[in-house]
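Numbering (the working numbering), first residue to last: 582 to 660.
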């Protein structure tokens with residue numbers, strides 16, 4: 582799948598799958614729910630205006646945009 586929403590530099594959150602298997606994330610932004618699939622080593626840009634991200638392990642995190650999120654084995658690290 583492609584990007585959910587892409588904004589100018591520094592406004593959107595960057596996500597990267599640093600794990601060894603593909604993951605599917607659920608992104609809810611402005612009331613719109615989208616699934617984002619990332620292969621191992623894949624990355625994408627999401628959340629131009631803030632969003633909620635549901636991880637494969639069921640955790641839900643809020644993003645304002647501008648964060649860098651690394652996903653490994655279904656767990657997120659926000660930088």
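Every residue, glycine too, gets a C-beta built ideally from N, C-alpha and C.
Buried/exposed call for residue 646, threshold 16 Cβ in 10 Å | buried
When burial is assigned at 16 or more other CB atoms within 10 Å of the CB, is residue 613 buried or exposed?
-> exposed
How is residue 625 classed by DSSP in three states: helix, strand or coil?
-> strand
Please state whether DSSP places residue 589 in a helix, a strand or coil.
-> Here the model assigns residue 589 a pLDDT of 42, short of 50, so the residue's position is not dependable and the matter cannot be decided.
Reduced DSSP category for residue 653 - H, G, I as helix; E, B as strand; rest coil | strand
Nonlocal neighbours in the same chain, by C-beta distance under 8 Å from residue 620, ignoring five residues either side = 598, 603
Helix, strand or coil: which one does DSSP assign to residue 598?
-> strand
Residue(s) in a DSSP beta bridge with residue 661 | In the structure displayed, the chain extends from 582 to 660; residue 661 sits before or after that span and is not available.
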